[in-house]
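Single-structure report; data block below.
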Amino acid sequence: MHPMIESMRGRLVVSCQAYPGEPMRDPRTMAQVARAVVIGGAAAVRVQGIADVRETVAAVDVPVIGLWKDGDDGVFITPTLEHALAVADAGAHVVALDGTRRPRPDGLTLAQTLERLRAVHPGVLVMADCGSLDDALAAQDAGADILGTTLSGYSGERPKTEGPDFELVDQVVAACALPVMVEGRVHTPEHAAEAIRRGAFAVCVGTAITHPTTITGWFGRAVEGARTPA
Ligand SMILES: CC(=O)N[C@H](C=O)[C@@H](O)[C@H](O)[C@H](O)COP(=O)(O)O
Numbered sequence: 008m009h010p011m012i013e014s015m016r017g018r019l020v021v022s023c024q025a026y027p028g029e030p031m032r033d034p035r036t037m038a039q040v041a042r043a044v045v046i047g048g049a050a051a052v053r054v055q056g057i058a059d060v061r062e063t064v065a066a067v068d069v070p071v072i073g074l075w076k077d078g079d080d081g082v083f084i085t086p087t088l089e090h091a092l093a094v095a096d097a098g099a100h101v102v103a104l105d106g107t108r109r110p111r112p113d114g115l116t117l118a119q120t121l122e123r124l125r126a127v128h129p130g131v132l133v134m135a136d137c138g139s140l141d142d143a144l145a146a147q148d149a150g151a152d153i154l155g156t157t158l159s160g161y162s163g164e165r166p167k168t169e170g171p172d173f174e175l176v177d178q179v180v181a182a183c184a185l186p187v188m189v190e191g192r193v194h195t196p197e198h199a200a201e202a203i204r205r206g207a208f209a210v211c212v213g214t215a216i217t218h219p220t221t222i223t224g225w226f227g228r229a230v231e232g233a234r235t236p237a
């Protein structure tokens with residue numbers, strides 16, 4: 008196994024992303040968040056956007072999983088070969104891309120995308136963000152290095168579970184030989200531990216560690232719910 012993937016075995020990966028229009032949407036800020044989570048023990052970080060990838064690669068000494076989100080529906084995570092090449096050019100060690108079976112905007116298959124990406128960047132690793140077992144099996148055949156459950160609940164094939172889609176985790180772990188990264192709605196340390204117990208190779212947490220607006224909402228609603236009516 009590639010040493011960079013091996014370094015994530017049984018470990019926590021943290022996704023550091025801010026969304027368009029948000030106060031923390033700034034590559035330098037995200038690189039600082041990435042440094043902070045590495046100090047906390049993250050084995051790798053996942054960052055969005057070319058500038059964020061560049062800043063973060065320079066700021067941390069762990070693998071950087073890079074992606075480029077273009078839009079927010081359909082195929083939007085590193086949707087085309089051009090996006091994947093740009094993420095690799097920016098220095099990402101792992102390129103995360105849409106690993107669903109949906110048609111890609113540039114008309115290439117996932118296998119063609121990976122082949123052309125590797126022709127330019129022979130050393131780059133690929134994480135396929137999947138939304139179902141069939142996606143994971145197809146992404147494995149297409150030559151991905153890591154299978155992510157990232158798009159479960161977002162691609163139309165699986166329900167959007169309250170926490171992680173553990174049913175899908177079980178299916179992918181049982182059927183696929185590649186390392187499985189459990190990602191998506193891992194909201195508590197117990198969720199993360201459960202992912203590993205179920206055979207995940209690693210677990211990636213985003214919102215619950217790096218999205219203060221959402222976390223504040225969780226706490227705020229709990230506090231309001233506990234208030235005694237005046
Ligand atoms: C569906 C989609 O666009 N997922 C994105 C992928 O990079 C991010 O918005 C998520 O934050 C990331 O996957 C981590 O998941 P969570 O934030 O639930 O821990």
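Be aware that the sequence shown starts at 8, since it is given in the working numbering, and climbs by one per residue.
We treat Cβ as the ideally placed atom computed from N, Cα and C, and that holds for glycine.
Checklist entry - Between the region 192-211 and the region 164-178, are three or more C-beta pairs nearer than 8 Å? => result yes
Item to check | Alpha-carbon spacing of Pro-112 relative to Val-54, whole angstroms | outcome: For this step, residue 112 is matched to residue 105 along the sequence shown. For this step, residue 54 is matched to residue 47 along the sequence shown. Distance between the alpha carbons of Pro-112 and Val-54 is about 22 Å.
Next on the checklist: Going by DSSP in three states, Gln-178 sits in which element: helix, strand or coil?
Outcome noted: Residue mapping note: residue 178 aligns to position 171 of the sequence shown, counting from 1. Note: Gln-178 maps to helix in three-state DSSP.
Item to check | Cross-strand partners of Gly-155 (DSSP beta bridge) | outcome: Start at 1 with the first residue of the sequence shown, and residue 155 comes out as number 148. Per DSSP, Asp-136, Met-188.
Checklist entry - Could you give the distance in angstroms between the alpha-carbon of Ala-99 and the alpha-carbon of Asp-77? => result To locate residue 99, count along the sequence shown from 1; it is residue 92. To locate residue 77, count along the sequence shown from 1; it is residue 70. Roughly 17 Å between the two C-alpha positions.
Item to check | Selection from Gly-48, Ala-215, Arg-165 that minimises the alpha carbon distance to His-194 | outcome: Taking the sequence shown and counting its residues from 1, the one referred to as residue 194 is at position 187. For His-194, the nearest C-alpha among the options comes from Ala-215.
Next on the checklist: Starting from Ala-51, trace the beta strand (DSSP E) in both directions and tell me its first and last residue.
Outcome noted: Taking the first residue of the sequence shown as 1, we reach residue 51 at position 44. Its beta strand (DSSP E) spans residues 51-55.
Checklist entry - Can you name, in chain order, every residue of its own chain whose Cβ lies under 8 Å from the Cβ of Gly-17, other than the five neighbours on each side? => result Taking the sequence shown and counting its residues from 1, one reaches residue 17 at position 10. Once the five neighbours on either side are set aside, the close Cβ partners of Gly-17 are Ile-203, Phe-208, Ala-209.
Item to check | Beta-carbon proximity check, Thr-157 vs Glu-197, cutoff 8 Å | outcome: Within the sequence shown, numbered from 1, the residue matching residue 157 stands at position 150. Within the sequence shown, numbered from 1, the residue matching residue 197 stands at position 190. No. Outside cutoff.
Checklist entry - So is the beta-carbon of Ala-215 under 7 Å away from any non-hydrogen atom of ligand 1? => result On the sequence shown, residue 215 is found 208 positions in, with the first residue counted as 1. Yes, the Cβ of Ala-215 comes within 7 Å of a heavy atom of ligand 1.
Checklist entry - If you draw a straight line from the C-alpha of Ala-151 to the C-alpha of Val-52, how long is it? => result The sequence position of residue 151 within the sequence shown is 144, counting from 1. The sequence position of residue 52 within the sequence shown is 45, counting from 1. Roughly 19 Å between the two C-alpha positions.
Item to check | Extent of the continuous beta strand (DSSP E) to which Ala-215 belongs | outcome: Within the sequence shown, numbered from 1, the residue matching residue 215 stands at position 208. Unbroken run through Ala-215 is the alpha helix (DSSP H), 214-217; no beta strand (DSSP E).
Item to check | Span of the alpha helix (DSSP H), counted from its first residue to its last, around Arg-35 | outcome: For this step, residue 35 is matched to residue 28 along the sequence shown. From DSSP, the alpha helix (DSSP H) with Arg-35 extends over 34-46.
Checklist entry - Mind checking Arg-61: buried by the 16 CB within 10 Å criterion, or exposed? => result If you number the sequence shown from 1, residue 61 lands on position 54. Arg-61 should be labelled buried.
Item to check | Range covered by the beta strand (DSSP E) that runs through Val-21 | outcome: As a working note, residue 21 is residue 14 in the sequence shown. 18-23 is the span of the beta strand (DSSP E), which, as asked, contains Val-21.
Next on the checklist: What does the Cβ neighbour count give for Ala-181, buried or exposed, with the cut at 16 atoms within 10 Å?
Outcome noted: Here residue 181 refers to the residue found at position 174 of the sequence shown. Classification of Ala-181: exposed, given that the 10 Å Cβ count is below 16.
Next on the checklist: By alpha-carbon positions, which one of Ala-143, Ala-95, Gly-138 ends up nearest to Ser-159?
Outcome noted: Here residue 159 is taken as the residue at index 152 of the sequence shown, counted from 1. For Ser-159, the nearest C-alpha among the options comes from Gly-138.
Checklist entry - For Pro-110, which option in Met-31, Asp-80, Val-20 has the closest C-alpha, if you only look at C-alpha atoms? => result Mapped onto the sequence shown, residue 110 falls at position 103. When each option's Cα is compared against that of Pro-110, the closest is Asp-80.
Next on the checklist: DSSP three-state label for Ala-118, please.
Outcome noted: The sequence position of residue 118 within the sequence shown is 111, counting from 1. Helix.
Next on the checklist: At a threshold of 7 Å, does Gln-178 count as lining ligand 1 (C-beta to nearest heavy atom)?
Outcome noted: Residue numbering aside, residue 178 sits at position 171 when the sequence shown is read from its first letter. False, no ligand heavy atom lies under 7 Å from that Cβ.
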